[in-house]
Amino acid sequence: GLFNDGDTRLVSANLAGNGANLRGGGAFNENDMFVGASFFAQNQAGAGGGIYNRILSSVHLAGSRLQSNTALTGGGLDNNGRAFLQNSFVVQNTAPLGLLKNRFLYFGIIGCGNHNKVAPAAISPLKSAAKENNPSRFI
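Counting from 1268, one number per residue, gives the positions in the sequence shown under the working numbering.
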């Protein structure tokens, strides 16, 4: 996967089949990262199968897809900083302890899909935020 500790722009990237023992199977973000028209699929980690966004960091997804990623928490995205999602999809990810771990998440037009696998008790306040911006559901 990708480790970002600077200011990174990914455009038309495909990060697939990566793994990390701890965090960020597809990408570990420790600063500012823009992801445009990109696909994160079949990545796995302990936290943030698709993307792990560290505290005080920012990730901006535009026209991108986090799909079929696996982690204990944050199957698609484990956000501890700021995340901005515009015209992006977080679908078919697996996380027994929480699909999208969230600190500050800002929605544009997002599809959260109804095919994410997450334990019902692990659904966070993000579920209600997603409903306000998109008719899709988490489970």
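Every residue, glycine too, gets a C-beta built ideally from N, C-alpha and C.
Neighbour-count burial assignment, residue i, 16 or more Cβ in a 10 Å radius
i	result
Leu1324	The sequence given here places Ser at residue 1324; Leu does not occur at that position. Buried: at least 16 other Cβ atoms inside 10 Å.
Arg1290	buried
Asn1288	exposed
Phe1307	buried
Phe1270	exposed
Asn1381	Caution is warranted here: a pLDDT of 41 is assigned to Asn1381, below 50, making its placement in the model unreliable, and the coordinate value is therefore given only provisionally. Asn1381 is exposed by the Cβ-count criterion.
Extent of the continuous beta strand (DSSP E) to which residue i belongs
i	result
Ile1322	Careful: Ile1322 lies outside any beta strand (DSSP E) and carries neither H nor E.
Ala1332	In the sequence under discussion, the amino acid at residue 1332 is Arg, which differs from the Ala named in the question. Unbroken beta strand (DSSP E) run through Arg1332: Arg1332 to Gln1334.
Leu1364	No beta strand (DSSP E) contains Leu1364, which DSSP labels as neither H nor E.
Arg1276	Asp1274 to Val1278
Gly1313	Gln1311 to Ala1314
Ser1305	First-last for Ser1305: undefined, no H or E at that position.
Leu1289	Leu1289 -> no beta strand (DSSP E), and no H or E assigned at all.
Asn1271	Leu1269 to Asn1271
Asn1347	Careful: Asn1347 lies outside any beta strand (DSSP E) and carries neither H nor E.
Asn1296	Ala1294 to Asn1296
Asn1285	No beta strand (DSSP E) holds Asn1285; DSSP gives it neither H nor E.
6 Å Cβ shell around residue i - same chain, five flanking residues per side excluded
i	result
Val1302	Leu1277, Leu1328 and Ser1331
Gly1284	Gln1309
Asp1345	Ala1314, Gly1315, Tyr1319 and Lys1368
Gly1342	Gly1316, Asn1336, Asn1360, Thr1361, Ala1362 and Leu1366
Ser1305	Leu1277, Ala1280 and Ser1331
Phe1295	Phe1270 and Tyr1319
Gln1334	Ala1308, Val1358 and Gln1359
Same chain, Cβ closer than 8 Å to residue i, neighbours up to 5 away in sequence not counted
i	result
Asp1272	Glu1297 and Asn1298
Gly1286	Gly1268, Gly1292, Asn1310, Gln1311 and Ala1312
Sequence-distant residues of the same chain with beta carbon closer than 7 Å to residue i, five excluded per side
i	result
Asp1274	Asn1298 and Asp1299
Asn1347	Asn1320, Arg1321, Ile1322 and Arg1370
Contact test: residue i Cβ vs the ligand HEM heavy atom, cutoff 7 Å
i	result
Val1302	Here there are no bound small molecules, and the ligand HEM is not part of this structure.
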